[in-house]
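Before any comments, here is the structure.
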Amino acid sequence: MTKRIFSGAQPTGNVHLGNYLGALKNWVALQHEYESFFCIVNLHALTIAQDPALLIEKTRDLARIYLAVGIDPQVSTIFIQSDVHEHAELTWVLNCVARMSELERMTQYKDKARKQQENISVGLFDYPVLMASDILLYQTDLVPVGDDQRQHLELTRDIAIRFNRDYGETFKAPDAFIPKVGARIMSLSDPAKKMSKSDDDPNGCVLLMDDADTVQKKFKRAVTDSGTEIRFDVSRPAINNLLEIYHLMTGKTPQAVENHFAGKGYAQLKGDLAESTVEFLRPIQQRVREINDERLDEILDQGREKARQIARATLERVFHLTGLKR
Ligand code: TYM
Numbered sequence: 020m021t022k023r024i025f026s027g028a029q030p031t032g033n034v035h036l037g038n039y040l041g042a043l044k045n046w047v048a049l050q051h052e053y054e055s056f057f058c059i060v061n062l063h064a065l066t067i068a069q070d071p072a073l074l075i076e077k078t079r080d081l082a083r084i085y086l087a088v089g090i091d092p093q094v095s096t097i098f099i100q101s102d103v104h105e106h107a108e109l110t111w112v113l114n115c116v117a118r119m120s121e122l123e124r125m126t127q128y129k130d131k132a133r134k135q136q137e138n139i140s141v142g143l144f145d146y147p148v149l150m151a152s153d154i155l156l157y158q159t160d161l162v163p164v165g166d167d168q169r170q171h172l173e174l175t176r177d178i179a180i181r182f183n184r185d186y187g188e189t190f191k192a193p194d195a196f197i198p199k200v201g202a203r204i205m206s207l208s209d210p211a212k213k214m215s216k217s218d219d220d221p222n223g224c225v226l227l228m229d230d231a232d233t234v235q236k237k238f239k240r241a242v243t244d245s246g247t248e249i250r251f252d253v254s255r256p257a258i259n260n261l262l263e264i265y266h267l268m269t270g271k272t273p274q275a276v277e278n279h280f281a282g283k284g285y286a287q288l289k290g291d292l293a294e295s296t297v298e299f300l301r302p303i304q305q306r307v308r309e310i311n312d313e314r315l316d317e318i319l320d321q322g323r324e325k326a327r328q329i330a331r332a333t334l335e336r337v338f339h340l341t342g343l344k345r
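Final position of the sequence shown in my numbering is 345; the numbers increase by one with none missing.
Okay, here's the thing in structure tokens:
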């Protein structure tokens with residue numbers, strides 16, 4: 020039987036190069052080998068304050084991005100999380116399986132809570148259980164994500180195994196697919212932090228929808244390390260990050276990248292990187308603009324129906340085994 024992948028991204032603003040290189044790029048590559056489900060996780064977005072009208076727009080914008088980077092709706096299922104209410108229903112049941120102590124250990128929650136301090140929603144705390152529900156509903160084999168989701172995937176496996184043990188075999192325990200290179204693209208302004216849309220410094224994060232001038236400006240301002248040599252070296256995280264981006268973006272081998280920059284300076288590296296990024300983004304941005312609303316509705320409607328069918332079957336079994344339904 021064809022194995023299944025499931026992944027998703029939050030519609031909390033524009034998608035950045037980290038999201039693309041760490042996750043979306045691999046979705047596109049894997050979609051022909053696996054039966055694929057790509058979700059726009061708007062319930063997750065609600066864990067922090069959102070403007071309702073904007074959330075609707077961002078949700079649709081993210082669907083456009085999925086399509087524009089190369090997710091093919093003929094082979095993959097693209098859908099909106101809140102369209103399939105089984106996600107919320109399974110979350111309740113799994114809330115009763117997950118432990119407070121497990122969620123308290125989640126580093127992403129701790130980071131976000133530290134930043135926010137006041138009025139942290141229960142939803143933010145519960146975020147990983149909703150994520151586990153997303154994955155487990157579809158009997159997923161593989162979850163292509165960036166490195167920051169590793170701990171959430173481990174929790175998902177633990178929840179699946181515990182449920183199966185307590186109630187009977189129901190869920191597949193999924194594996195994470197985390198790429199060797201690109202799983203943690205760092206901020207251009209602080210290579211000790213991952214690239215993130217919530218970064219205080221917008222120059223650290225290149226968005227897929229940034230125009231050419233903005234891309235150039237951001238790379239120009241990127242911090243570098245001391246020394247002059249341009250080669251892959253994890254002990255020089257700023258240059259290493261720029262080279263990783265260049266390598267992934269151009270498809271050139273690491274050796275070819277080093278040869279290309281041999282004897283050249285940082286200004287050249289930044290200039291070339293900006294140029295290849297602009298070239299890379301141009302057709303994506305063009306496709307985003309070309310996708311029409313009706314076609315998008317059609318894709319999301321089909322996605323919802325396909326996803327629901329599978330989600331319903333899993334939830335039926337869960338309700339039966341837990342005594343919620345005969
Ligand atoms: P989100 O929207 O924060 O990020 C989407 C994907 O991008 C990856 N990513 C990165 N990869 C490399 N370098 C970076 N700097 C970087 N920043 C983000 C993330 O690892 C992610 O794969 N919790 C998920 C959304 C989610 C989900 C799911 C994912 C909800 N349910 C079920 C998989 C399966 C998230 O925060 O995505």
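All C-beta atoms in this analysis are idealised placements derived from N, C-alpha and C, irrespective of residue type, glycine included.
**Asked** In whole angstroms, what is the alpha-carbon distance linking lysine 134 and aspartate 167?
**Response** Here residue 134 refers to the residue found at position 115 when the sequence shown is read from its first residue. Here residue 167 refers to the residue found at position 148 when the sequence shown is read from its first residue. Lysine 134 and aspartate 167: Cα-Cα distance of roughly 17 angstroms.
**Message:** Is serine 208 near ligand 1 - that is, is its Cβ less than 7 angstroms away from at least one heavy atom of it?
**Reply:** The residue labelled residue 208 in the question sits at position 189 within the sequence shown. Outside the cutoff, so no.
**Message:** One question on the structure: do threonine 243 and methionine 268 come within less than 8 angstroms of each other, judged by their Cβ atoms?
**Reply:** Counting from one through the sequence shown, the residue named residue 243 turns up at place 224. Counting from one through the sequence shown, the residue named residue 268 turns up at place 249. It is not a contact, given that the beta carbons lie outside the stated cut-off.
**Prompt:** Hey, quick one: how far does the beta strand (DSSP E) through isoleucine 99 stretch, first residue to last?
**Reply:** Stepping through the sequence shown from its first residue, residue 99 is reached at position 80. Residues 95–99.
**Message:** Taking 7 angstroms as the cut-off, is the C-beta of isoleucine 154 nearer than that to any heavy atom in ligand 1?
**Reply:** Position 135 of the sequence shown, counted from the first residue, corresponds to residue 154. Yes, ligand 1 has a heavy atom inside 7 angstroms of this Cβ.
**Request:** Report yes if the CB atom of arginine 306 is closer than 8 angstroms to the CB atom of leucine 86, and no otherwise.
**Result:** The residue given as residue 306 occupies position 287 in the sequence shown. The residue given as residue 86 occupies position 67 in the sequence shown. In this structure, leucine 86 lies closer than 8 angstroms to arginine 306 by Cβ.
**Message:** Quick check on cysteine 115: buried or exposed, where buried means 16 or more other Cβ atoms within 10 Å of its Cβ?
**Reply:** The residue you call residue 115 lines up with position 96 of the sequence shown. Answer is exposed; the Cβ neighbour count stays below 16.
**Asked** Okay, do the region 65–72 and the region 247–263 touch, 3+ Cβ pairs below 8 angstroms being the bar?
**Response** no
**Request:** Could you tell me whether the Cβ atoms of aspartate 194 and leucine 161 are closer together than 8 angstroms?
**Result:** The count along the sequence shown starts at 1 and reaches residue 194 at position 175. The count along the sequence shown starts at 1 and reaches residue 161 at position 142. Yes, the Cβ-Cβ distance between aspartate 194 and leucine 161 is below 8 angstroms.
**Item:** Alpha carbon of arginine 55 to alpha carbon of glycine 27, nearest angstrom
**Value:** As a working mapping, residue 55 is identified with position 36 in the sequence shown. As a working mapping, residue 27 is identified with position 8 in the sequence shown. The amino acid at residue 55 is misidentified as arginine; the sequence shows serine. Those two C-alpha atoms are separated by around 11 angstroms.
**Message:** Residues in the same chain with beta-carbon distance under 7 angstroms from glycine 187, minus the five sequence neighbours each way, listed in chain order, please.
**Reply:** Within the sequence shown, residue 187 is the residue found at index 168, counting from 1. Closer than 7 angstroms at the Cβ level, and outside the excluded window around glycine 187, lie Leu340.
**Message:** Restricting to Cα atoms, I'd like to know which of Ile154, Arg184, Arg301 is closest to glutamate 173.
**Reply:** For this step, residue 173 is matched to residue 154 along the sequence shown. Closest option to glutamate 173, Cα to Cα, is Ile154.
**Asked** Is asparagine 38 near ligand 2, in the sense that its beta carbon is under 7 angstroms from a heavy atom of that ligand?
**Response** Because ligand 2 does not appear in the structure shown, any question about it cannot be addressed here, the ligands present being ligand 1.
**Request:** Buried or exposed for histidine 35, please, with buried defined as at least 16 other CB atoms from any protein chain shown within 10 angstroms of its CB.
**Result:** Locating residue 35 in the sequence shown gives position 16, where the first residue counts as 1. Buried, by the Cβ-count rule.
**Request:** Run the proximity test for valine 47: is its beta-carbon closer than 7 angstroms to any non-hydrogen atom belonging to ligand 1?
**Result:** Here the question's residue 47 lines up with position 28 in the sequence shown. The answer is no for valine 47.
**Prompt:** Is it true that the CB of valine 148 sits closer than 8 angstroms to the CB of alanine 330?
**Reply:** In the sequence shown, residue 330 corresponds to position 311, counting from 1. In the sequence shown, residue 148 corresponds to position 129, counting from 1. Taking 8 angstroms as the Cβ cut-off, alanine 330 and valine 148 do not qualify as a contacting pair.
**Request:** Examine the Cβ distances between the region 273–288 and the region 298–305 and report whether three or more of them are shorter than 8 angstroms.
**Result:** no
**Asked** isoleucine 24: beta carbon under 7 angstroms from a heavy atom of ligand 1?
**Response** As a working note, residue 24 is residue 5 in the sequence shown. No, since every heavy atom of ligand 1 falls outside the 7 angstroms radius drawn around the Cβ of isoleucine 24.
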